[in-house]
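Written below as structure tokens is the structure these notes are about.
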Amino acid sequence: MKERENIAVLGPAGTFCDQALAQYRAKTGCKDQALYCASIEGVFHAVAEGCQRAVVPIENTLDGYVQVSLDGLLETKARITGELYVPVQFALVGNVDSAKDIRRLYVQFKAKGQCQKAIESLGDVPLMLTESNMESYQRAEEGREGEAAIIPQHMYEASRCRFKQPNVTDAQNNDTRFFVLEAQPGALQAGTAQKRKMALYVLDAADKPGTLFEILRQFAIHQINLAALMSRPTKKGMGTYNFYLEVSVDKAQLPVLQTTIRALKRDFTLKVLGEYAAL
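Letter by letter, the sequence shown follows residues 112 to 390 of my numbering.
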């Protein structure tokens, strides 16, 4: 009997990452056992150490890209094989009688950027950044007087805190996009999705006029839609950058996309992170 494989995800159980994992299982029938990690870095480390699959957050509607995930994609050999979208809403709970009594607030580092209005309304309350939303929840549930937390809205009813304020997210339309990673991905399945994506890095791009233009020119020539572009520090020296890109094509354009990648490889060093579709 084949040993069940693990799928790494930011834990503990109950996080939005856990919801993304549940969605992945429902869509694919995956039976892999969840390996809950204490941080996003820990998820990538698990893949590097032999975990076959992982689910990681990559982008949020309100707070943009998850920088630690961008670093992990560059530093590990895992490939992106799919993407998922999870609706994200937050609540404020605390061991206080009212919001004005809050003396310390626990908030996950990405949730902070999605609940700015609620946080600012508390004045100069010290913020304690956490690795996961469930860590924030657990801190509040420990019951220390004056402490509060921004927690997932789906944990609102379960909270035992006496002060509870729902829906403190800055916008009602808020989603987090997740990547599904595989350590040893197979060929892209034909599937039915008409839209396909590719994520890649252009590495150690030369610091000279026209470098970015030359990258963009290849996509323009071949009529490839560039969905995302950002510079990322190489961490090798001040002023040196990699470029992270995502492109989106119709399934029929995949051969053209491959032609574009070959053209770019003549002048640049690329790391293709994966070719994938929404699940």
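Quick reminder that beta carbons are idealized off the backbone N, C-alpha and C, glycines included.
As the crow flies, the alpha-carbon of Thr380 is around 10 Å from that of Asn353. C-alpha of Leu337 to C-alpha of Phe330: approximately 7 Å in a straight line. DSSP, reduced to helix, strand and coil, places Arg328 within a helical segment of the structure shown.
The secondary-structure analysis by DSSP pairs Val291 across a beta bridge with Val166, Gly193. Note on Val167: 16 or more other CB atoms within 10 angstroms of its CB, so buried under the neighbour-count rule. Between the C-alpha atoms of Glu242 and Ile332 there is a straight-line separation of about 43 Å. Here Phe289 is buried. Its C-beta has 16 or more other C-beta atoms within 10 Å. For the pair Val279 and Cys226, the CB atoms are nearer than the 8 Å cut-off. By the neighbour-count definition (other C-beta atoms within 10 Å, threshold 16), Ala137 is an exposed residue. Put simply, the backbone Cα of Lys188 is about 27 Å away from that of Gln219. Residue state for Ile262 is assigned as strand, using DSSP reduced to three classes. Ranked by Cα distance from Gln200, the first of Gln134, Asp281, Asp208 is Asp281. In the three-state DSSP reduction, Leu365 falls in the helix class (H, G or I). Between Tyr217 and Arg328, the alpha-carbon positions lie close to 46 Å from each other.
In the structure shown, the three-state DSSP call for Val177 is coil.
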